[in-house]
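Chains as they are written, first to last, in this note's numbering: chain B, 6 to 337; chain D, 6 to 337; chain V, 6 to 337; chain G, 6 to 337.
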């Protein structure tokens, strides 16, 4: 739904086909009432020949689906952006352990480019297959990035205390996601191990100098009574307390169109990025002690998924990186 | 804030000046975190000479403010869209009774054009001064319009049961609008008389054939635990039960870019128009009895205020009526 | 869950058995985290012999279930309070039409006593089988009661514009009741006909003098983004505008422990009755015209269901009517 | 409001006087709509002679107020429970630094007993002046208690990532606490230093063996879009990974009526304690690494304030510790 919403306002993209076996024949506008008047399309069953005739195919599917269809698309030369977890983790055994099933397309994993523009822009330009990062992983990697690149923190004791709106769970009819269960409530979940943990640790290690000890993260996600929004509060022990953290962050992201380092003493809030591709970051060192705190806010459906996918598309096709992603957040 | 958000995405509008005596010197982006990166402006004290150099001035001010400044602007030939209630009511004594103060500019009331495009488009084109309709009045007038125009209902017993998100009250630091007072709550208010009642009755009477008895409305507003959204449920007694209500509504609004009559048996919801200028309407006759029920959903800040103001601007300046107002609602 | 919560604090009730085929063996405290430490019981499959050994059996089941088990219980002399719709409607054909299935126990319908204490207290005392009123019907009947009893309004054009929190739908895993669908949203539903309509019209007609035209109601329910709470705004045309409505309401309910008529000019809010058995009512005549407006707030799970069931139990067993129902609402 | 709500249901307490200069003469039931029918009292200006005639006086006032009135009460032998921060911190210079004003009653600070029953029950019994713990401090101290008492974690790198519902801020008419600012939002605040930090660190150090390094805490509070509820997620580095953490927690709190250690693998949620005095705790060691994670949920207004005050009262007056505090949470 979010991809369709954003693509409706993209000046150079046109949605030709929307596939869904389960919903085949249903009008997009009937399913998603906000799209009435914006799309005349109906869902259709996926047809590889049709998909291969397009410039680009997005997958926004449960894990396993993209793996099954990918060889036919890739062999035909079609470019693909996969929003699922299917091609994010390079260690196939690790993927199989966390997702509890055999990998359906291990031969293409190496070819997939991890679609985090802030670390991988050059490789994205020429990529045929993009593995778009997860919502939590985007926030945690961007938050730790300036510190890990320069080896300024103890990488073995990283903590990410994250909170997400419920749309992160997708549109599933489960008791757990009912209004009456979530409203006016807050809790941690997945404490013993969330599937985003191996993706994040892989990404954090990619940021480190080769000589550093591999990053180890304690990751505790929480469920917010909001529809959208991820907020990650990151903690690490500084190895060097002489660094000007504010300047470090501002300089590292100065050229990034979608990372906004906030002025010192102000903190990001999820509503300020609602519906946008912007990731807002603040860094602090409370009481002048040696624990650094980084706060990151993003919209889990936009920078955490569909907006980042379009950012990747813009890079892949040589369009302005911000095309179709320029609207201010809806606030209040 | 909503005007600025929408104008940031308008292809042919440029905001030159933002005035506020109280906030003079403060950056717009510091006050409204969603506008960081979209505006470099700071608030400034209002200066009539500067305002008169512009193509258009919007007022989004408490009642009374626009009345005080209007003569200087109008005399200089400046075009103005006033979002406040200052010029909406033609009967000056009635205005003074409901707003509890003398009218500050009675001489310009006659010249003001009521900015409801669905009834007044031609007069808006040439207007110098637009009185933009209130949020509740827009929903109630559009909902009753097809029935009143054709004298199909008893005009003396109209009922509008409306519910609004809290942003309708503006950004005031009052106990009544605190999260802890409004969240998880619902109530009626202003039952003995809401200031929008005389505006609505004037508008409804303007829709009636001259021979009809003047419309009389019982209007009960309620406060929703949402930020945005107005939903009006309208009731009237049909004088003629042979009319095909669905066809009546579809035909009346077929050419209207921002009124969407829903298919029979489906009903509007406020989230489907969040952040958009669309007003969604459904009509029903429960149990085949002689009471007609009309349901209307709009975003109180957009079609109910700033979006409609921009729609008026587009009409006044010969721009495409939908310019800058084309984004789908943010959903979920 | 609400029955168990209230019974945990009732000084003279003890829950002996909780039945559920689907959940048999599961601890109540594991299913409902607020009951940890309050109940040691586990769900068990229903066993009629066990139920017949108890003083009282509550049914809080989907429609049809109570009908199937009722004969065995009633024949054994067991007293029963049924919170479902199974025995509320005296016209069996009407029940079958609205519920779309044959009635499973028509022979006991006549014997069932409609459990609205404010109109039926004497009959409740001696009843063996109570049909506990629905949530919407409780609010609409109590609101119209003083006016209909005295034939003060036109009974053929009654309107009930009601809004309910989502808990009214029960704990069902449906897309419609997800947080992401309901939060920050408002809409009407069931406009063409809600199952509570025939129950309400039957109840309203029971209130009227025998000479009056039968009450006809237009009933439009809406869905609130709250967990609990029903608010009904009622409209009718006064046949006699000389009546002091405030005094009428205050006198009619002066002896009722759970109906609170608010001072003139104040209106009920759902949060003020959250978790309590109190129904708050206000009456108004806007602009001194001939339309009367009645506002009613109740907790749909308490006065609208489980609290009223316990009120019935207290009456049936000669306990103080307010026993176990005396806590103030949780506010804020 | 919460104290009054709880005391209305307390079997052995009677509220004689409610003082407020600003609200003198206003009926309690007019101010707090949930208390209609439960209190006949009106606010009155504080009168020391009247207060000294009572068994117990509660202060729920802004900081500084209790300090000003305390000497007269204490000298007269009156027992007092102060819910404000006035007597919580033993280091007077530290109090003055964080609260930005001179301490108004330093001579009574030493005599005040910190009212955390789980660590201080014996001293509370005989106390004349109780300094009731803050909401965040209660959750953080109870969560770290079993680990710090036995010196099982590195005390110099403690982290408390806490989130609170907005009622923690009291009933203040500030823009920051409006529905339109908080709803559908999440953010950190007070990162550079929250006034609860010195109280928490003092409390944590009181738990440690005398030989341990003094506890140092990084404390980051966040604002939840809920009315009630605090959830603290605590992180520390284990010095000894051989300890059975689940057993440690269960045994430490086995006799505590208001601390509930959850079964392994389940996590607390704020709604499960809404309106109750229960604090629910879970402990985990993700991936079997050496970081321990403790999750704590409480109601900030109950166990975090008024409920704990009543628990102290019960202990002080030899009542059952759970008197008046036994209701299950309102859920859903």
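Ideal Cβ positions, reconstructed from N, Cα and C, are used throughout, including at glycine.
Any beta carbon from chain B within less than 8 Å of residue i's own beta carbon?
i: residue 223 (chain G); result: yes
i: residue 37 (chain D); result: yes
i: residue 336 (chain D); result: yes
Taking the alpha-carbon positions, what's the residue i to residue j distance?
i: residue 240 (chain D); j: residue 164 (chain D); result: 5 Å
i: residue 197 (chain D); j: residue 330 (chain V); result: 33 Å
i: residue 213 (chain D); j: residue 219 (chain D); result: 8 Å
i: residue 205 (chain D); j: residue 247 (chain D); result: 27 Å
i: residue 72 (chain B); j: residue 109 (chain B); result: 5 Å
i: residue 304 (chain G); j: residue 141 (chain G); result: 10 Å
i: residue 332 (chain V); j: residue 176 (chain D); result: 35 Å
i: residue 265 (chain V); j: residue 257 (chain V); result: 11 Å
i: residue 144 (chain B); j: residue 187 (chain G); result: 22 Å
i: residue 245 (chain G); j: residue 224 (chain G); result: 24 Å
i: residue 30 (chain G); j: residue 51 (chain G); result: 12 Å
i: residue 299 (chain G); j: residue 28 (chain D); result: 45 Å
Cβ of residue i less than 8 Å from any chain G Cβ?
i: residue 198 (chain B); result: yes
i: residue 29 (chain V); result: no
i: residue 96 (chain D); result: no
i: residue 171 (chain D); result: yes
i: residue 155 (chain V); result: no
The beta strand (DSSP E) that contains residue i, what's its start and end?
i: residue 86 (chain D); result: 84-87
i: residue 237 (chain V); result: 235-242
i: residue 227 (chain D); result: 222-228
i: residue 285 (chain D); result: 284-289
i: residue 303 (chain G); result: 296-303
i: residue 166 (chain V); result: 163-169
i: residue 212 (chain G); result: Unbroken run through residue 212 (chain G) is the alpha helix (DSSP H), 201-212; no beta strand (DSSP E).
i: residue 136 (chain G); result: 134-136
What residue range is occupied by the uninterrupted alpha helix (DSSP H) comprising residue i?
i: residue 144 (chain V); result: 140-154
i: residue 184 (chain B); result: 184-187
i: residue 73 (chain G); result: 70-80
i: residue 7 (chain V); result: 7-13
i: residue 127 (chain B); result: 122-130
i: residue 265 (chain G); result: Looking at the DSSP string, residue 265 (chain G) is not in any alpha helix (DSSP H); the run it does join, the beta strand (DSSP E), is 264-266.
Please check if any C-beta of chain D sits within less than 8 Å of the C-beta of residue i.
i: residue 277 (chain G); result: no
i: residue 82 (chain B); result: no
i: residue 208 (chain V); result: no
i: residue 264 (chain G); result: no
i: residue 185 (chain G); result: yes
i: residue 294 (chain B); result: no
i: residue 291 (chain V); result: yes
Excluding five sequence neighbours on each side, which residues of the same chain lie with their C-beta closer than 7 Å to the C-beta of residue i?
i: residue 324 (chain B); result: 17
i: residue 261 (chain G); result: 123
In chain order, what residues of the same chain have a beta carbon less than 6 Å from the beta carbon of residue i, not counting five sequence neighbours either side?
i: residue 32 (chain D); result: 47
i: residue 81 (chain V); result: 57
With a cut-off of 8 Å, does the C-beta of residue i fall near any C-beta of chain V?
i: residue 33 (chain B); result: no
i: residue 280 (chain G); result: yes
i: residue 42 (chain G); result: yes
Is residue i near the ligand GTP, in the sense that its beta carbon is under 7 Å from a heavy atom of that ligand?
i: residue 78 (chain D); result: Absent from the structure shown: the ligand GTP. Ligands present: none.
With a CB to CB cut of under 8 Å and the five nearest residues on each side skipped, what residues in its chain are close to residue i?
i: residue 42 (chain V); result: 34
Please go through the stretch 20-78 of chain V and give each complete alpha helix (DSSP H) segment of 4 or more residues, from N-terminal end onward. 33-36, 53-57
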